[in-house]
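Novice: Numbering (the UniProt record's numbering), first residue to last: 1 to 131.
Have a look at this one before I ask anything.
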Amino acid sequence: MSIDLLGRYYAAFNRSDAAAMLDLLTDDVVHEPSQGAVREGKQVFAEFLDHMNRCYKEEVINPVFLVTPDGGHGAAEFMLAGRYLETDGDLPPARGQDYRLRVGTFFQFRDGLIARVSNHYNLADWLAQVR
């Protein structure tokens, strides 16, 4: 079930379908980004997705999913192909730059939903690609 859940989560991600992604999360989901403050709650995660969909167009390529035997935790590793669409805060100016990053994400599951999303990638690599 959890591997199927991750497959549906990233399929929705690739469609930029925030509503479908949010349907797979607990109301009290915890989002731990690679950089920045931890976000708690589905509404805050929805605001994050809206921001990301405005600033970036990204696609997960060839994800590999792992799930613990008890189904409580999981992980995904994938290549992320993206285009930087709109300048994001104090990051370098967006000019439609393309980038590729290896990403690792850790998950916690509860009641058939995703309760924690913890993303990890190399920010220095991304900055070098978009500068």
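Virtual Cβ for every residue (Gly too), placed ideally from N, Cα, C.
Since we're looking at a predicted model, the values are computed, not measured.
Starting from the N-terminal side, write out each stretch of the alpha helix (DSSP H) that is 4 residues or longer and does not extend beyond the UniProt domain "SnoaL-like" (8-117).
Specialist: Taking only runs of at least 4 residues, the alpha helix (DSSP H) segments lying wholly in the UniProt domain "SnoaL-like" (8-117) are 18-22, 42-55.
Novice: Exposed or buried, what is D68 when buried is set at 16 or more other beta-carbons lying within 10 Å of its beta-carbon?
Specialist: As written in the sequence, residue 68 is Thr, which differs from the Asp given in the question. Exposed, by the Cβ-count rule.
Novice: Hey, how far is the Cα of V30 from the Cα of R110?
Specialist: 12 Å
Novice: Where H51 and L85 are concerned, what is the direct C-alpha to C-alpha distance, given to the nearest angstrom?
Specialist: 11 Å
Novice: Would you report the Cα separation of G71 and S2, rounded to the nearest angstrom?
Specialist: 6 Å
Novice: Please classify P93 as buried or exposed, where buried requires at least 16 neighbouring CB atoms within 10 angstroms.
Specialist: Under this definition P93 is an exposed residue.
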